[in-house]
Amino acid sequence: MELADLSAQKNSEFGITGYLLYLDGLFVQYFEGDESPVEQLMHNIRHDGRHEVLQEAGESRLVVRRFPTWFMRWLHQEELAQVKLARDLALLLQSRKQMESTIWEARLWLTVERIVALDQKLKKSKDT
Ligand SMILES: Cc1cc2nc3c(=O)[nH]c(=O)nc-3n(C[C@H](O)[C@H](O)[C@H](O)COP(=O)(O)O)c2cc1C
Numbered sequence: 025m026e027l028a029d030l031s032a033q034k035n036s037e038f039g040i041t042g043y044l045l046y047l048d049g050l051f052v053q054y055f056e057g058d059e060s061p062v063e064q065l066m067h068n069i070r071h072d073g074r075h076e077v078l079q080e081a082g083e084s085r086l087v088v089r090r091f092p093t094w095f096m097r098w099l100h101q102e103e104l105a106q107v108k109l110a111r112d113l114a115l116l117l118q119s120r121k122q123m124e125s126t127i128w129e130a131r132l133w134l135t136v137e138r139i140v141a142l143d144q145k146l147k148k149s150k151d152t
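Residues 25 to 152 (the working numbering) make up the sequence shown, in order.
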C-alpha cells in the first residue's frame, strides 16, 4: 500500500488529521490530534529510516482542529498554486538555513493558515 493510503488509514484510527505535500525533494507535513497519538506518530516518523526529519515546529494547544476531515490529505502542486502557495513555500523551504528560526517558523505557520484557506476554497467549489 502507498504511504499516503497507509497513513490515512492509521490516522483515521488514531484521530490524526492534517496534510502532506512534496516540494523540491522535501516532504512538508502538518498533523494535529490528541497528545498521545501525536507523540506516537512523531516518534514513528523520527525513526522512519526512509527519510530524515530536517525541521520540526509544534504547538501544544489547539482548541479546534484546522483540518477535521483530512486524515492526511496529499496536497498536489496545482492545489497549492490555487492559493499561490507553491512558489512561496518553495522559497521558504530554501531559506530555512538563512533565516532566524523564530521568524522562519512564524512564516511556516502562515503557510498552514493559507492551506486552511485552500480547504475552504475547495469546499466552496464542491458546493457550487
Ligand atoms: C513523509 C512521511 C510521512 C508519514 N506520515 C505518516 C502519517 O501521517 N501517519 C502514519 O501513521 N505514518 C506516517 N508515516 C509512516 C511512519 O513513519 C511509520 O512508518 C508508521 O507510522 C509506522 O507504523 P507501524 O508501527 O504501524 O508500522 C510517514 C512516513 C513518512 C516518510
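Just so you know, even glycine gets a beta-carbon here, dropped at the ideal spot from N, CA and C.
Computed from a prediction, not measured in an experiment: that's the story for all the values here.
Around the C-beta of residue i, are 16 or more other C-beta atoms found within 10 angstroms, so that it is buried, or is it exposed?
{"i": "residue 35", "result": "buried"}
{"i": "residue 56", "result": "buried"}
{"i": "residue 130", "result": "exposed"}
{"i": "residue 31", "result": "buried"}
Can you tell which of the options has the C-alpha that lies nearest to the C-alpha of residue i?
{"i": "residue 54", "options": "139, 148 and 149", "result": "139"}
{"i": "residue 39", "options": "117, 69, 89 and 110", "result": "89"}
{"i": "residue 82", "options": "133, 148, 116 and 70", "result": "133"}
{"i": "residue 59", "options": "136, 85 and 131", "result": "85"}
{"i": "residue 113", "options": "41, 49, 29 and 31", "result": "49"}
{"i": "residue 93", "options": "79, 26, 30 and 42", "result": "42"}
{"i": "residue 106", "options": "146, 30 and 32", "result": "146"}
{"i": "residue 77", "options": "51, 29 and 102", "result": "51"}
{"i": "residue 62", "options": "37, 47, 46 and 73", "result": "37"}
{"i": "residue 47", "options": "101, 72, 28 and 26", "result": "101"}
{"i": "residue 149", "options": "103, 124 and 123", "result": "103"}
{"i": "residue 144", "options": "124, 91 and 26", "result": "91"}
Can you list, in chain order, the residues of its chain whose CB lies under 6 Å from that of residue i, leaving out five sequence neighbours each side?
{"i": "residue 44", "result": "53, 96 and 98"}
{"i": "residue 28", "result": "98"}
For residue i, which residues of its own chain have a beta-carbon under 8 Å away from its beta-carbon, when the five flanking residues on both sides are left out?
{"i": "residue 109", "result": "135, 138, 139 and 142"}
{"i": "residue 128", "result": "116, 119 and 120"}
{"i": "residue 80", "result": "66"}
Residues in the same chain with beta-carbon distance under 7 Å from residue i, minus the five sequence neighbours each way, listed in chain order, please.
{"i": "residue 69", "result": "77"}
{"i": "residue 75", "result": "51"}
Exercise for the section: At 4 residues or longer, and completely inside the region 89 to 131: list those alpha helix (DSSP H) runs for me, N to C. Expected result: 101 to 106 and 110 to 118
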